[in-house]
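Let me begin by presenting the structure, written as structure tokens, before commenting on it.
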Amino acid sequence: MRDHWTLDTIAWEEFDRSKLDPNLVKLMKAASLVEYNATDYVEYLRKVFHNQPQVMAILDRWGAEEVQHGAALGRWAELADPTFNFKDSFARFRKAYHPPHFENADGSVRGSRIGELIARCVVECGTSSGYTAIRDAAEEPVLKQIAGLVAADEFAHYRLFLDLMDTQAEAKPGFWRRLWIAKTRVAESEDDELATAYYCANVPAHREHEIKYDRDACNLAYQSSMFRHYRRRHVERAVAMIGKAIGLHPESNFIKLGGRAVWEFVRFRVWRFGPVRELKVA
Ligand SMILES: [Fe+2]
Ligand SMILES: [Fe+2]
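Numbering (my numbering), first residue to last: 1 to 282.
Here it is as structure tokens:
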């Protein structure tokens with residue numbers, strides 16, 4: 001088992017305010033809340049894999065690493081923006097965001113355990129490529145270090161869920177079903193989770209009455225800020241990783257074409273967004 005980094009691994013003393021990018025600060029404030037909330041996912045996945053005791057220890061370790069991502073990013077965000085209070089923002093996020101499947105599901109909302117693992121692979125692949133893009137874009141040295149550590153963890157998580165798929169006795173769903181599960185999970189990145197986190201992280205409680213929560217506006221602000229950091233290599237790698245999770249060869253023409261198409265889509269979106277969108281007083 002690999003040694004894992006801790007908050008003490010991070011060279012906090014190297015923090016350099018002059019190299020901050022205000023948009024990256026906003027993004028990392030939001031990311032810290034989502035990461036720190038991982039214990040709900042652990043509980044949900046525990047229910048999904050309830051009769052597989054060997055999976056429980058893996059889930060606990062995974063959840064602890066995600067929570068640590070939140071703690072590291074939250075601490076960095078408080079340094080970068082002294083008006084940001086990580087614990088208070090997290091409490092507001094917990095109150096505002098309750099996906100129904102955390103409370104009601106007794107099985108996987110993806111229809112099968114393999115489906116659940118495909119969805120997890122999609123998420124880990126998204127975070128892995130996202131933090132790699134942040135690492136490459138960040139000039140502030142502490143954020144660069146944290147994003148590099150987190151990106152490596154996210155890739156390890158992807159491998160972990162990919163390997164778990166091979167240990168499942170159930171039959172794999174057919175290819176089109178697997179593709180559908182991956183597509184559905186990608187589309188869910190525009191649901192309320194990131195949008196609520198962006199809102200709670202970047203709109204202080206005393207301004208909630210004048211800047212109301214608007215999912216589309218929050219997603220637009222988040223995406224117009226995040227998408228511009230992706231480079232072709234990040235996108236193509238993400239597509240190859242998702243492709244592998246649904247059973248496609250990463251070197252296949254389907255994946256190569258898919259990678260190119262998604263990269264063109266990202267470029268188009270960045271062009272359409274124009275400047276980074278701000279949350280405005282209604
Ligand atoms: Fe994470
Ligand atoms: Fe992860």
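Built from N, CA and C at the ideal position, the CB exists for glycine as well.
For R185, the number of other beta carbons within 10 angstroms of its own is at least 16, and it is reported as buried. The closest CA to that of I181, considering only Y198, R110, V42, is found on R110. Taking the Cα positions, Y97 is about 29 Å away from Q52. For D153, the Cβ falls inside the 7 Å cut-off from some heavy atom of ligand 1.
Minimum Cα-Cα distance from S32 among the listed residues F15, L59, D88, V55 corresponds to D88. Counting only unbroken stretches of 4 or more residues, the alpha helix (DSSP H) elements lying wholly within the segment 56-121 are 86-96, 100-104, in sequence order. Taking C-beta atoms as the reference points, A221 and R277 count as a pair closer than 8 Å. Counting along the chain, the unbroken alpha helix (DSSP H) around Q145 starts and ends at 141-166. Under the Cβ criterion (8 Å, minimum of three pairs), the segment 114-131 counts as touching the segment 160-171. Relative to ligand 1, E35 has its C-beta within less than 7 Å of a heavy atom. Taking 8 Å as the cut-off, the beta carbon of L20 is found closer than this to the beta carbon of E140. In the assembly as shown, G259 is a buried residue. Its beta-carbon has 16 or more other beta-carbons within 10 Å. Setting aside the 5 residues that flank it on each side, W12 is surrounded in the same chain by V142, each with a C-beta closer than 7 Å to its C-beta; the list follows chain order.
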